[in-house]
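Residue numbers (our numbering): 305 to 645. For glycine and all other residues, C-beta sits at the position ideal for the given N, C-alpha and C. Remember, predicted model here, so these are calculated numbers, not experimental data.
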Amino acid sequence: MRISKLAKEFIPYKVVENKYKIYLDKNENPFDFPAPLKEKIFEELKNVQFNRYPPITAEPLREKIAESLGLKMENIIVGNGSDEILSLVPKLTEGDYNIINSPTFVMYRFYSKHNGIKVMDIPLDEQFDLRTSEIKRYADKARIIFICSPNNPTGNSLSRERIIDILETGACVVLDEAYIEFSDKESNIDLLNHYDNLIILRTFSKAFSMAGIRVGYGISNEKIISHLLALKAPFTVNALSMRIAEMMVENRDVIEEKIKFIKSERKRLLRKLKNYAFPSDANFILVNLPVYHFLLERGIAVRHFDEERIKNMVRITIGKKDENDTLLDALKEYLNEMDRV
Ligand SMILES: *Cc1c(COP(=O)(O)O)cnc(C)c1O
Numbered sequence: 305m306r307i308s309k310l311a312k313e314f315i316p317y318k319v320v321e322n323k324y325k326i327y328l329d330k331n332e333n334p335f336d337f338p339a340p341l342k343e344k345i346f347e348e349l350k351n352v353q354f355n356r357y358p359p360i361t362a363e364p365l366r367e368k369i370a371e372s373l374g375l376k377m378e379n380i381i382v383g384n385g386s387d388e389i390l391s392l393v394p395k396l397t398e399g400d401y402n403i404i405n406s407p408t409f410v411m412y413r414f415y416s417k418h419n420g421i422k423v424m425d426i427p428l429d430e431q432f433d434l435r436t437s438e439i440k441r442y443a444d445k446a447r448i449i450f451i452c453s454p455n456n457p458t459g460n461s462l463s464r465e466r467i468i469d470i471l472e473t474g475a476c477v478v479l480d481e482a483y484i485e486f487s488d489k490e491s492n493i494d495l496l497n498h499y500d501n502l503i504i505l506r507t508f509s510k511a512f513s514m515a516g517i518r519v520g521y522g523i524s525n526e527k528i529i530s531h532l533l534a535l536k537a538p539f540t541v542n543a544l545s546m547r548i549a550e551m552m553v554e555n556r557d558v559i560e561e562k563i564k565f566i567k568s569e570r571k572r573l574l575r576k577l578k579n580y581a582f583p584s585d586a587n588f589i590l591v592n593l594p595v596y597h598f599l600l601e602r603g604i605a606v607r608h609f610d611e612e613r614i615k616n617m618v619r620i621t622i623g624k625k626d627e628n629d630t631l632l633d634a635l636k637e638y639l640n641e642m643d644r645v
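Here's what the structure looks like:
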């Protein structure tokens with residue numbers, strides 16, 4: 305047996321031990337579903353037949369999502385998390401490399417590598433926005449240009465004019481809107497009416513409080529969706545998750561209040577940390593303080609990065625009120641200690 309280069313290179317996931325008091329590291333929604341809604345869901349799940357395969361491409365859920373967006377089922381692909389769609393898109397097009405704009409979501413690089421595709425990184429500019437002229441220069445030979453807006457981990461939205469400029473090249477653009485529900489800026493979903501080279505990705509993992517349920521989706525024209533469906537394994541969205549996601553599309557109002565709360569907490573954290581935090585349209589903030597280990601020692605897990613440009617920063621997910629208070633207290637303590645040295 306000869307182990308592949310890919311398998312050897314891959315760095316296994318670090319097991320996050322369940323030993324910290326507070327987890328603000330994965331951009332999860334801190335609120336689980338309200339108990340009565342959970343009851344209602346479990347009641348409904350009693351009707352799901354365990355012995356049968358689910359609908360092959362999750363058609364009922366695709367219908368519901370499409371309806372909520374004023375589109376057709378043929379415009380929607382549903383995956384086991386939007387990660388599954390991210391794993392498929394590199395197989396959709398031909399070209400010499402995928403373009404990413406660091407610092408950004410690490411999975412774009414992961415799935416490119418896993419599909420044997422080179423990655424061209426055209427780092428975001430000083431304001432963490434797209435370097436359009438460079439991207440355009442390399443667009444013809446690109447397979448996929450990954451754009452994340454609001455961007456993870458910087459939190460800002462990328463400028464619509466620049467996204468349009470890149471779409472004009474005709475290269476396939478995957479616009480990841482995983483955090484769009486937390487943003488006051490408009491989605492770029494309307495651009496689907498003008499560009500046939502655009503795929504938008506959304507997820508139930510963040511605003512919808514469903515990270516554990518694993519459902520995400522892609523939105524595009526019928527042609528692209530049919531090609532993506534051709535690449536996708538059947539039945540990857542299980543019957544239970546599909547049904548839960550369907551119910552949540554219908555009960556969207558239950559998430560609105562939590563989103564509002566998270567946005568108000570974001571505002572509070574940004575105000576308190578104004579000298580250190582970057583503006584954010586998402587449910588997390590990037591903070592320019594090297595406090596990863598300091599916070600861990602106080603039982604608070606946040607995200608840190610190996611990437612040079614953000615190596616001394618942390619990405620902090622907006623949590624519940626008391627979690628955010630504990631975080632702020634710890635940061636105050638850190639800054640006081642710094643003052644003294
Ligand atoms: C969390 C996240 C996703 C969603 O992942 P799922 O597989 O749907 O849980 C996609 N893109 C970005 C940028 C994310 O941060």
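{"Asked": "Where does L505 fall in DSSP's three states?", "Found": "strand"}
{"Asked": "In terms of residues, what are the limits of the beta strand (DSSP E) holding V477?", "Found": "476-480"}
{"Asked": "In chain order, what residues of the same chain lie with their CB nearer than 8 Å to the CB of K342, ignoring the 5 residues before and after it?", "Found": "D336"}
{"Asked": "Can you give me the start and stop residues for the alpha helix (DSSP H) that L631 sits inside?", "Found": "625-644"}
{"Asked": "Any contact of the segment 510-523 with the segment 616-623, i.e. 3+ C-beta pairs under 8 Å?", "Found": "no"}
{"Asked": "Let me check you understand the geometry: is the CB of C476 closer than 7 Å to at least one non-hydrogen atom of ligand 1?", "Found": "no"}
{"Asked": "Among residues of its own chain, excluding the 5 on either side of R464, which ones have a beta-carbon nearer than 7 Å to its beta-carbon?", "Found": "N492"}
{"Asked": "Quick check on Y596: buried or exposed, where buried means 16 or more other Cβ atoms within 10 Å of its Cβ?", "Found": "buried"}
{"Asked": "Nearest by alpha-carbon distance to D629: which of K312, K564, L328 is it?", "Found": "L328"}
{"Asked": "Starting from Y415, follow the alpha helix (DSSP H) in both directions and report where the run begins and ends.", "Found": "411-418"}
{"Asked": "So is K567 buried or exposed if we call it buried at 16+ other beta carbons inside 10 Å?", "Found": "buried"}
{"Asked": "Would the beta-carbon of D480 be found less than 7 Å away from any heavy atom of ligand 1?", "Found": "yes"}
{"Asked": "Out of I451, A543, R413, R441, which one is the CA nearest neighbour of N355?", "Found": "A543"}
{"Asked": "I need the DSSP call for L396, collapsed to helix, strand or coil.", "Found": "coil"}
{"Asked": "What are the start and end residues of the alpha helix (DSSP H) that includes I529?", "Found": "526-535"}
{"Asked": "Got a sec, what are the start and stop residues for the beta strand (DSSP E) D469 sits in?", "Found": "Taken as a continuous stretch (DSSP letters only), D469 belongs to no beta strand (DSSP E), being part of the alpha helix (DSSP H) at 464-471."}
{"Asked": "From the DSSP output, in three-state form, read off L328 for me.", "Found": "coil"}
{"Asked": "Can you give me the Cβ contacts of F598 inside the same chain, cut-off strictly under 8 Å, excluding the 5 residues immediately before and after it?", "Found": "A634, Y638"}
{"Asked": "For the segment 375-387 and the segment 424-433, state whether three or more C-beta atom pairs, one from each stretch, are separated by less than 8 Å.", "Found": "no"}
{"Asked": "From the DSSP output, in three-state form, read off L495 for me.", "Found": "helix"}
{"Asked": "What does the alpha-carbon distance come out to for the pair G522 and N640?", "Found": "46 Å"}
{"Asked": "What did DSSP end up calling V352 once you bin it into helix, strand or coil?", "Found": "coil"}
{"Asked": "Mapping the DSSP letters down to three states, classify K551 as helix, strand or coil.", "Found": "According to the sequence provided, residue 551 is Met. The question's Lys does not apply to it. The answer is helix: DSSP assigns M551 an H, G or I state."}
{"Asked": "How about N548 and I345: are their beta carbons less than 8 Å apart?", "Found": "The question names Asn, yet the displayed sequence has Ile at residue 548. Yes, they are a contact pair."}
{"Asked": "What residue does the alpha helix (DSSP H) around D610 start on, and which one ends it?", "Found": "Neither: D610 is in no alpha helix (DSSP H) and is coded neither H nor E."}
{"Asked": "Decide if E321 is buried, meaning its Cβ has at least 16 other Cβ atoms within 10 Å, or exposed.", "Found": "exposed"}
{"Asked": "Does the Cβ of R644 have 16 or more other Cβ atoms within 10 Å, making it buried, or fewer, making it exposed?", "Found": "exposed"}
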